[in-house]
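Below: the structure, in structure tokens.
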Amino acid sequence: MESVGSIIMYLIIALSIVVFSVLTVTTRKILRSATFLLFALFATSMLYFQLDYEFLGAVQIAVYAGGIVVLFVFSILLTSHPGQNSKPLVSKSRVAGIIAAILTLAVSLFALISRCGEAMTKLPEMSNPKMQTIGESLLGTGKYGYLLPFEAISVLLLACIIGGVVVARKR
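The sequence shown begins at 5 in my numbering and counts up one residue at a time.
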């Protein structure tokens, strides 16, 4: 049975993920938005660490919190003036957007509960895989190997860096 401290820690982490995610999309200052995204990604990694997925938590910090947020901040500083506030969004269909969001939430919750109801009550026994198994699965060249998508993403990131240099040179 779960300890009370573990449940309280989970609730704190989940609440921080929700709060920082909402702050990410509602703030008007873009650097603050990137900072709130960083906090949400760190909270997600804490959730992985609490579930004893050390490798996934470390990858979350290294790749997403470290790499992607730095890339966002670099592109923000390169292309805009971070001290400026963005203009308020004016939308004529705000009510339609809120209704669509509520309907999407309802359908998602229904699908989650109907498909995963049994899995939430009775979880299978799990074990942590060895690091060598994870490495062979992620960077294998055989069936279900991820070496080609990994290399494609590295070429995409290289193209983004070259694009950033070209944009910076035009200034």
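All C-beta atoms in this analysis are idealised placements derived from N, C-alpha and C, irrespective of residue type, glycine included.
C-beta contact flag for residue i and residue j at 8 Å
{"i": "A69", "j": "L35", "result": "no"}
{"i": "L170", "j": "T83", "result": "Residue identity check: residue 170 is Val in the sequence provided, not Leu. No. Outside cutoff."}
{"i": "I138", "j": "F53", "result": "no"}
{"i": "V73", "j": "A38", "result": "yes"}
{"i": "L161", "j": "L151", "result": "no"}
{"i": "G168", "j": "F76", "result": "no"}
Residue i burial status per 10 Å Cβ neighbour count (16 or more: buried)
{"i": "I17", "result": "buried"}
{"i": "G61", "result": "buried"}
{"i": "L19", "result": "exposed"}
{"i": "F154", "result": "exposed"}
{"i": "M135", "result": "exposed"}
{"i": "M50", "result": "buried"}
{"i": "F114", "result": "exposed"}
First and last residue of the uninterrupted alpha helix (DSSP H) at residue i
{"i": "E129", "result": "Unbroken run through E129: none, as it is neither H nor E."}
{"i": "T137", "result": "135-142"}
{"i": "I36", "result": "Before going further, note that residue 36 is Arg rather than Ile in the sequence given. Taken as a continuous stretch (DSSP letters only), the alpha helix (DSSP H) holding R36 covers 34-54."}
{"i": "Y14", "result": "8-30"}
{"i": "T83", "result": "73-83"}
{"i": "A62", "result": "58-63"}
Distance cut-off 7 Å: residue i Cβ against heavy atoms of the ligand MN
{"i": "E129", "result": "As presented, the structure is devoid of all ligands, the ligand MN included, so that no description of it is given."}
Cβ pair count under 8 Å reaching 3, the segment 37-52 against the segment 65-78: The answer is yes - the segment 65-78 touches the segment 37-52, with three or more Cβ pairs under 8 Å.
Segment contact, 8 Å Cβ cut-off, at least three pairs: the segment 20-28 with the segment 92-109: No, they do not touch.
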